[in-house]
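Heads up, the thing below is written out as structure tokens.
Residue numbers (this note's numbering), protein chains in the order written: chain L, 1 to 724; chain V, 1 to 120; chain F, 1 to 175.
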């Protein structure tokens with residue numbers, strides 16, 4: 001049968017990447033001086049699975065490399081080998097190395113094995129080094145030693161051709177051999193396929209029928225197998241019962257007086273090289289050769305950690321997988337819901353098809369049916385959405401490694417705490433929140449957490465803590481990044497902002513507004529730009545990214561105590577809670593999350609700021625009024641304020657209001673991309689299809705503010721207003 | 001129809017094994033670790049169990065040991081999927097009561113040949 | 001409006017199908033097929049491989065701040081598909097919409113452009129096939145249409161047909 005193994009490749013890659021993540025996390029958690037055996041087991045299992053799969057699917061470079069890893073891990077697991085910080089580092093580098101190789105294979109290119117070869121040599125030297133040091137005389141199974149074993153089992157087998165006339169076999173199973181599921185009859189049958197078999201059972205040990213037990217073997221056999229077959233084939237028949245039988249295989253024919261070629265009866269011992277000295281001289285020689293061929297077992301071990309860790313950057317290039325694995329429970333719940341839907345549908349169908357005169361009863365039942373249908377639909381929608389939901393641990397899992405590497409690099413001591421890792425969110429949201437989170441954590445490591453001596457001076461624990469916490473709140477997921485570092489000096493921010501002209505000299509800011517400056521473009525409080533942050537993307541990009549996900553971010557900080565960033569995101573990108581509004585006969589949708597209130601316009605409260613457009617005095621706060629008519633160029637003659645409504649929205653820490661003709665329903669809408677077939681439209685984050693099949697634009701409030709332009713003037717208006 | 005229980009924590013290996021066996025006309029039930037396999041074995045009868053060794057929750061050796069405790073699986077052939085390095089583990093599997101093993105990496109043909117050997 | 005779809009589309013499609021048969025039977029592999037349509041009395045042709053479907057004119061939702069020739073977006077079985085009015089784009093005149101007004105849904109999947117888009121034309125007229133040697137390079141005939149969008153010229157039944165380049169038509173960023 002020919003089976004195309006490539007159909008399993010995608011799953012293999014997916015699970016191998018997951019396995020590498022498991023290895024990485026376990027390695028990071030591992031305390032080399034006091035290793036948790038369950039962690040080592042899970043590392044071993046992952047390496048083992050990758051090896052098994054890669055071997056089976058023909059990715060030899062991976063299986064060869066993992067083989068060495070596995071050998072060492074097995075020894076560690078058995079307590080024959082100790083873990084130390086250096087070997088953990090080597091294993092971590094191996095994880096990176098395998099990830100890169102797997103990515104190459106996934107992209108159907110030949111992986112570069114240079115790094116793997118280097119690592120393999122280091123592992124090999126640990127293996128040989130240790131064995132040489134510990135037990136010179138002890139037998140060490142060389143890695144990949146199966147050919148050696150074959151030779152040792154068959155001393156002199158090359159001197160006589162295997163294919164003379166056959167073999168004489170004496171086979172005495174142990175009484176309980178059947179318990180292993182090995183049936184002597186099966187073995188006879190198999191021998192018979194190799195050649196002509198004559199067998200004589202010895203019934204001497206057979207008890208009387210009354211004493212006979214069904215699961216005990218009482219017989220032994222003397223067999224002659226005639227034909228042209230290699231010894232290995234004959235041995236293979238008995239491979240599974242080694243150690244549970246007395247077996248002797250000798251060659252038939254030839255001169256009977258020559259020394260009988262009795263093969264070792266208990267093959268198992270020889271195969272295993274049990275360390276009780278049964279191994280043959282041939283193996284010894286091989287092992288010795290290997291030892292002498294591999295010089296200096298101690299030098300590479302100390303040299304290995306000196307090599308700088310390869311940049312873990314390859315990770316970012318990880319191919320975006322287009323499949324998700326779904327738990328069977330989620331699928332089952334979908335099936336149940338569809339079942340209910342079918343019932344409701346047939347109920348409604350019956351009503352519609354009855355053909356009777358419609359009575360009030362019918363209407364009542366119909367209403368009931370529709371209510372049920374609505375509920376079914378909502379539940380179905382929730383369940384379908386849940387399929388796309390993954391635990392945030394997928395995003396959090398990269399941080400232990402990052403924090404570890406960064407703290408080494410920065411000379412800081414940082415402990416990372418992950419909470420709420422099982423909190424689920426949409427796969428796409430998760431993918432997009434990754435970079436902002438990485439940026440925040442880097443920032444916290446770089447600027448937030450102080451160096452150990454500074455912390456000690458301040459009476460803090462030398463080891464700083466960064467907490468990543470996720471939980472659900474309403475229809476949102478909240479992700480907190482909490483550090484116990486130095487906090488953010490808001491006044492320093494203001495000084496900087498004034499120096500850069502972002503804030504006017506006379507403007508007074510409240511605490512919230514001051515901290516908000518952190519997200520202003522082109523503002524960094526760090527005097528000394530470090531390698532990690534403070535260049536490239538800034539906090540403004542972080543906030544922008546979060547807002548593109550229809551989310552928001554707040555800061556709490558206390559000088560000397562630490563900072564909390566709180567990111568609020570919708571659970572899914574596919575669906576949005578929207579407020580429908582109409583302007584100039586078209587329907588538009590505001591994300592409900594961005595709306596703080598909607599109100600009737602009191603014309604007395606509208607003021608015109610010279611050159612800055614109109615502002616609305618909302619409880620003594622002056623809020624810029626944006627007109628979609630002018631921003632989108634809809635009507636030259638918009639409705640007057642008294643015929644309109646005002647929707648107050650917030651974005652980028654700024655409050656603005658948008659004039660609309662009318663407020664319509666609030667409803668969930670499915671977000672569709674405009675960019676698929678068109679281009680990005682400023683002020684619009686996407687489109688949706690309404691119940692009547694028409695298309696409506698979903699507004700991007702931050703984009704609207706940008707379009708309205710002149711942000712600074714508006715900000716100034718707002719600030720001046722709130723200070724008043 | 002011959003019914004086989006295939007146990008492996010690796011989804012790709014499991015899929016490969018299941019696909020191979022089904023293509024050869026066997027009825028296959030799969031399980032991703034020893035505990036699940038034990039449950040499956042208890043709730044149905046299988047003519048052959050094919051299990052990986054290294055698995056979370058309950059490994060293959062413990063699974064074999066548990067299965068042999070069950071009246072229904074006293075003589076059922078149980079094959080372990082193992083790697084050549086694990087010589088001592090092979091023996092541990094044997095002493096736990098496994099019938100034999102299939103050495104990884106294996107290809108579908110080899111797997112089927114070994115299975116035929118056991119259940120004809 | 002639906003009558004446009006019902007009357008014209010099957011006819012055009014059937015014709016196209018029979019042509020494909022002819023080509024397959026006779027082995028004229030180098031023949032390219034074109035769908036022609038009329039705007040302002042002139043005939044234009046587009047490669048039929050780019051034509052996904054033909055629809056009647058239906059209400060479109062305007063896209064804020066879009067160029068005048070972008071009429072808006074429509075809901076094409078759940079996908080948001082922009083519609084451009086070629087008559088406006090080629091600066092003929094104000095767009096009119098009547099029962100013959102047709103939206104040809106074009107699909108281009110190339111390295112540079114990969115999208116679905118509707119184009120509004122006055123009416124669809126015919127399908128014909130053409131070999132490369134029947135194609136003539138575009139002379140500077142019509143100052144109104146940017147040379148960019150023209151692929152070549154040809155003559156069908158004594159009438160000139162302007163062949164349009166779909167990829168460039170749909171490359172909306174570079175209009």
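For each residue, glycine too, the CB sits at the ideal point set by N, CA and C.
Endpoints, the alpha helix (DSSP H) within which residue 435/L is located: In the first chain, the residue the question calls residue 435/L occupies position 435. In the DSSP annotation of this structure, the continuous segment of the alpha helix (DSSP H) that includes residue 435/L starts and ends at 427 to 443.
Residue 585/L burial status per 10 Å Cβ neighbour count (16 or more: buried): To locate residue 585/L, count along the first chain from 1; it is residue 585. With fewer than 16 Cβ atoms within 10 Å of its Cβ, residue 585/L is classed as exposed.
Nearest neighbour of residue 539/L, chosen from 624/L, 556/L, 439/L [CA to CA]: Translated into the one-based positions of the first chain, residue 539/L becomes position 539. Residue 539/L has its Cα closest to that of 439/L, out of 624/L, 556/L, 439/L.
Exposure of residue 459/L, with buried meaning 16 or more beta-carbon neighbours within 10 Å: The residue labelled residue 459/L in the question sits at position 459 within the first chain. Label assigned to residue 459/L: exposed.
Which residues DSSP lists as bridging residue 222/L, in chain order: The sequence position of residue 222/L within the first chain is 222, counting from 1. Looking at the DSSP assignment, residue 222/L forms a beta bridge with 170/L, 200/L.
Cβ-based neighbour list, residue 728/L, same chain, cut-off 6 angstroms, excluding 5 preceding and 5 following: Residue 728/L lies beyond the stretch modelled for chain L, which goes from 1 to 724, so this question has no answer here.
Residue closest to residue 56/V, alpha-carbon to alpha-carbon, out of 50/V, 95/V, 99/V, 37/V: Start at 1 with the first residue of the second chain, and residue 56/V comes out as number 56. Out of 50/V, 95/V, 99/V, 37/V, 37/V has the C-alpha closest to the C-alpha of residue 56/V.
Beta-carbon spacing of residue 568/L, residue 594/L below 7 angstroms: Locating residue 568/L in the first chain gives position 568, where the first residue counts as 1. Locating residue 594/L in the first chain gives position 594, where the first residue counts as 1. Their beta carbons are not under 7 angstroms apart, which means residue 568/L does not touch residue 594/L by this criterion.
Residue-chain proximity (residue 148/F, chain L), Cβ-Cβ < 7 angstroms: Looking up residue 148/F in the third chain gives position 148. Among the residues facing chain L, residue 148/F is not included, as its CB has no counterpart in that chain under 7 angstroms away.
Residue 82/V classed as buried or exposed, judged by whether at least 16 other C-beta atoms fall within 10 angstroms: Within the second chain, residue 82/V is the residue found at index 82, counting from 1. Burial of residue 82/V is indicated by the presence of at least 16 other C-beta atoms within 10 angstroms of its C-beta.
Option in 635/L, 408/L, 643/L, 103/L with minimal Cα separation from residue 661/L: If you number the first chain from 1, residue 661/L lands on position 661. Of 635/L, 408/L, 643/L, 103/L, the residue nearest in Cα terms is 643/L.
Check whether residue 196/L and residue 226/L have beta carbons under 7 angstroms apart: One-based indexing of the first chain puts residue 196/L at position 196. One-based indexing of the first chain puts residue 226/L at position 226. Going by C-beta atoms, residue 196/L is nearer than 7 angstroms to residue 226/L.
Own chain, CB closer than 6 angstroms to residue 388/L, minus 5 neighbours either side, in chain order: By one-based count along the first chain, residue 388/L stands at place 388. So the qualifying residues of the chain are 426, 427.
Positions along the segment 650 to 678 of chain L whose CB lies within less than 8 angstroms of some CB in chain F: Going along the segment 650 to 678 of chain L in chain order, one finds 672, 673, 674, 676, 677, 678 with a Cβ nearer than 8 angstroms to chain F.
Cα-Cα separation, residue 285/L to residue 3/L: Taking the first residue of the first chain as 1, we reach residue 285/L at position 285. Taking the first residue of the first chain as 1, we reach residue 3/L at position 3. Because the pLDDT of residue 285/L is 41, which lies under 50, any placement of that residue in the model is unreliable, and the number read from its coordinates should be weighed accordingly. Cα to Cα, residue 285/L sits roughly 42 angstroms from residue 3/L.
Touch test, the segment 18 to 33 of chain L against the segment 19 to 30 of chain V, Cβ-Cβ under 8 angstroms, three pairs minimum: In short, these stretches do not touch, since the Cβ pair count stays below three.
Span separating the alpha-carbon of residue 252/L from that of residue 166/L: Stepping through the first chain from its first residue, residue 252/L is reached at position 252. Stepping through the first chain from its first residue, residue 166/L is reached at position 166. For residue 252/L and residue 166/L, the distance between alpha carbons rounds to 5 angstroms.
Residue 599/L: first and last residue of the uninterrupted beta strand (DSSP E) it sits in: Locating residue 599/L in the first chain gives position 599, where the first residue counts as 1. In this chain, the beta strand (DSSP E) harbouring residue 599/L covers 595 to 600.
Closer than 7 angstroms at the beta carbon, the chain V residues around residue 698/L: Your numbering for residue 698/L matches position 698 in the first chain. Those do not exist, as residue 698/L stays about 38 angstroms from chain V at its closest Cβ, beyond 7 angstroms.
Status (buried if at least 16 other CB within 10 Å, exposed otherwise) for residue 228/L: Here residue 228/L is taken as the residue at index 228 of the first chain, counted from 1. With a 10 Å radius around the Cβ and a threshold of 16 neighbouring Cβ atoms, residue 228/L comes out exposed.
Option in 655/L, 509/L, 336/L, 111/L with minimal Cα separation from residue 492/L: Stepping through the first chain from its first residue, residue 492/L is reached at position 492. Ranked by Cα distance from residue 492/L, the options 655/L, 509/L, 336/L, 111/L are led by 509/L.
Segment contact flag, the segment 117 to 137 of chain F with the segment 35 to 54 of chain F, C-beta cutoff 8 angstroms, min 3 pairs: With the cut-off at 8 angstroms, the segment 117 to 137 of chain F and the segment 35 to 54 of chain F touch.
Nearest-angstrom Cα separation, counted from residue 39/V out to residue 20/V: Working through the second chain from its first residue, we reach residue 20/V at position 20. Working through the second chain from its first residue, we reach residue 39/V at position 39. Computed Cα separation, rounded: 23 angstroms.
Residue 9/L: first and last residue of the uninterrupted alpha helix (DSSP H) it sits in: Translated into the one-based positions of the first chain, residue 9/L becomes position 9. First-last of the alpha helix (DSSP H) with residue 9/L: 9 to 29.
Within the segment 70 to 114 of chain L, ranges of the alpha helix (DSSP H) (whole runs, at least 4 residues): Listed in chain order, the complete alpha helix (DSSP H) runs (minimum 4 residues) inside the segment 70 to 114 of chain L are 85 to 106.
Classification of residue 328/L by the beta-carbon crowding that lies within 10 angstroms, buried from 16 upward: Mapped onto the first chain, residue 328/L falls at position 328. Exposed: under 16 other Cβ atoms inside 10 Å.
Residue-chain proximity (residue 25/L, chain V), Cβ-Cβ < 7 angstroms: Taking the first residue of the first chain as 1, we reach residue 25/L at position 25. Not closer than 7 angstroms to any Cβ of chain V, the Cβ of residue 25/L fails to qualify, so no.
Neighbour flag for residue 49/L against chain V, beta carbons, 7 angstroms: What you label residue 49/L is simply residue 49 of the first chain in a count that begins at 1. Residue contact check for residue 49/L against chain V: a CB pair falls below 7 angstroms.
Proximity test, Cβ basis, 7 angstroms: residue 693/L and chain F: Within the first chain, residue 693/L is the residue found at index 693, counting from 1. At least one chain F Cβ lies under 7 angstroms of residue 693/L.
Three-pair Cβ contact test at 8 angstroms for the segment 93 to 104 of chain V versus the segment 53 to 67 of chain V: These segments touch.
Residue 8/F in three-state terms, based on DSSP: As a first step, residue 8/F must be located in the third chain, where it is residue number 8. Here residue 8/F scores only 45 on pLDDT, less than 50, and its place in the model should not be relied on; the value that follows carries that caveat. If DSSP states are grouped into helix, strand and coil, residue 8/F belongs with the helices.
Members of the segment 39 to 66 of chain L near chain V, C-beta cut-off 9 angstroms: Taking 9 angstroms as the cut-off between beta carbons, the residues of the segment 39 to 66 of chain L near chain V are 41, 42, 44, 45, 48, 49, 50, 51, 52, 53, 54, 55, 56, 57, 58, 63, in sequence order.
Among 618/L, 622/L, 597/L, 600/L, nearest to residue 609/L - alpha-carbon criterion: As a working note, residue 609/L is residue 609 in the first chain. Nearest Cα to residue 609/L within the set 618/L, 622/L, 597/L, 600/L: 622/L.
Residues in the segment 9 to 22 of chain V having any Cβ partner in chain L nearer than 7 angstroms: Those residues of the segment 9 to 22 of chain V placed with their C-beta closer than 7 angstroms to a C-beta in chain L are 9, 10, 11, 12, 13, 15, 16, 19, 20, ordered along the chain.
Euclidean distance between Cα positions of residue 118/V and residue 172/L: Numbered from its first residue, the second chain carries residue 118/V at position 118. Numbered from its first residue, the first chain carries residue 172/L at position 172. Near 20 angstroms, if we compare the C-alpha coordinates of residue 172/L and residue 118/V.
Inter-residue spacing [alpha-carbon to alpha-carbon] between residue 332/L and residue 109/V: Position 332 of the first chain, counted from the start, is the residue given in the question as residue 332/L. Position 109 of the second chain, counted from the start, is the residue given in the question as residue 109/V. Between the alpha carbons of residue 332/L and residue 109/V lies a gap of roughly 35 angstroms.
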